[in-house]
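I have placed the structure first, in the form of structure tokens, so that the comments after it can refer back to it.
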Amino acid sequence: MFEFKSAVSPSVFSGSLGDGIMNTIKDIGSRITYGGQAGHDQRVYYVNIKEIMGNRYGTVNPIPFRVVDNNIGLDVDVSLRCNGEYSFRITNPVLFYTNVCGNFGEAFNRSNIDSMLKAEILTALQPALGKISEQGVRPSALPGKAVEISEALNEALTEKWGKLRGMVVASFAMNPPTLPKEDQEMITNLQRTAVMRNPNMAAATLVEAQASAMKTAAGNQGGAMMGFMGMNMAQQQGGFNAQSLYQMGAQQQAQQPVQQNVQQPAAQAAPAQGTWTCECGASNTGKFCANCGKAKPAQAEGWTCSCGTVNKGKFCQNCGKPRPSGAPVYRCDKCGWKPEDPAHPPKFCPECGDPFDANDLV
């Protein structure tokens, strides 16, 4: 970017003294040729590349801002006004000199370009706030998104500031934005109304209103009885009372765990001990099917191998493993019921309820 040439103008302070004196005399002769002026044009420009702070901005006209609140189903555009400060930095001095202050005869100060920068900042602020609003950020939370807004501004100003002037937005600060009174009241009323969707909150509000009405009725000059009668008539006209709202809230809370259990896969439910499925598809626990009356099929006697196969002999008919030595076999000594896995019976007999113990060993 910058180039220094010592041979353009001779100096007695560089090189040998004799050569310096001779070159200086030659330069004097050259200047006589140009009417006493230097034959080379030399200029020095000082550019401040530090962060330039204290640049204020403010929206003269409101900026449309989308307010989204998924909790209450709100999606509306409001008018937003904001103000604050920003700072910028010159990252390419040559580009800044070439396109901004190259033909300026005097010192080029910030005031010479401040109005243009402020107008471009406000122009780029609208799409930047649009990107922030898509994230569901409320207007009151915008000051906490200063870093994201600064990045969005740099993205919007890349062509005008970065590639044309060699400048970038260093930092961006925003004071709490303001909304018109009617927009603020609209959002507040919608949020308060959405709270009443909860029956418990609606009941609490109704109880508070009834308590206030009772205090007013007690101080009625026409008589407390007339006041309470009027309040009772208004309550009956409303169709709801606090007790019914509380019951509705309790029902909703009770239904929530039931709905969660219904959504769970049916495969997670383990079948009860002693339950068998008939050919008709009905599940039963007794000796006969409750749907078609068929008798419970005879259970296979034997022992269960580690591969899951029920066997009667000394070796597994599936994998060939020998029957474990000393494996106990159980059968109910009261009704004769035999478990599907004789070596691992349930705690109680599903037919008669007798507990399995040493008396049931075969």
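Heads up, the sequence shown is in numbering that gives the first Met the number 0, so the first residue is 0 and it goes up one at a time.
We put the beta carbon where it would ideally sit given N, CA and C, even for glycine.
At a Cβ-Cβ threshold of 8 Å, serine 132 and phenylalanine 64 count as neighbours.
By the Cβ neighbour-count rule, cysteine 318 is exposed, with fewer than 16 other Cβ atoms within 10 Å of its own.
Beta-carbon to beta-carbon, asparagine 310 and aspartate 332 are separated by about 24 Å, too far to satisfy the 8 Å threshold. Nearest neighbour of glutamate 158 by Cα position, chosen from Ser170, Pro179 and Ile120, turns out to be Ile120. By the beta-carbon neighbour count (other beta carbons within 10 angstroms, threshold 16), proline 176 is buried. In this chain, the alpha helix (DSSP H) harbouring leucine 116 covers 113–132.
Within the segment 274–344, there are no complete beta strand (DSSP E) runs of at least 3 residues. The beta carbon of serine 282 is closer than 8 Å to those of Pro270, Thr274, Trp275 and Thr276 in its chain, skipping five residues each way along the sequence.
The secondary-structure analysis by DSSP pairs methionine 173 across a beta bridge with Gly83. With respect to the C-alpha of valine 46, the residue from Val93, Gly28 and Gln316 having the closest C-alpha is Val93. A residue is called buried when at least 16 other Cβ atoms come within 10 angstroms of its Cβ; isoleucine 20 does not meet this threshold and is exposed. Under the DSSP assignment, phenylalanine 95 falls in the alpha helix (DSSP H) whose first and last residues are 92–95. When DSSP states are grouped into helix, strand and coil, valine 146 belongs to the helix group. For the pair valine 168 and asparagine 188, the CB atoms are not nearer than the 8 Å cut-off. The criterion of a C-beta distance shorter than 8 Å is not satisfied by cysteine 304 and cysteine 291. For glycine 28, the enclosing alpha helix (DSSP H) has its first and last residue at 16–32. In this structure, alanine 145 sits near alanine 172, with a CB-CB distance shorter than 8 Å. Burial is judged here by how many other beta carbons sit within 10 angstroms of a residue's own beta carbon; tyrosine 85 has at least 16 and is buried. Contact between arginine 164 and asparagine 102 fails: their C-beta atoms lie close to 15 Å from each other, not under 8 Å. By DSSP's assignment, asparagine 54 forms a beta bridge with Tyr85. Counted as a single uninterrupted DSSP element, the beta strand (DSSP E) harbouring aspartate 68 occupies residues 62–68. Phenylalanine 95 is positioned such that its CB atom lies closer than 8 Å to that of methionine 166. Ranked by Cα distance from glycine 129, the first of Lys117, Gly285 and Glu147 is Glu147. If you draw a straight line from the Cα of proline 344 to the Cα of glycine 335, it comes to about 13 Å. In terms of Cβ geometry, proline 138 and leucine 178 form a close pair [threshold 8 Å]. Valine 99 carries a helical assignment under DSSP once its states are collapsed to helix, strand and coil.
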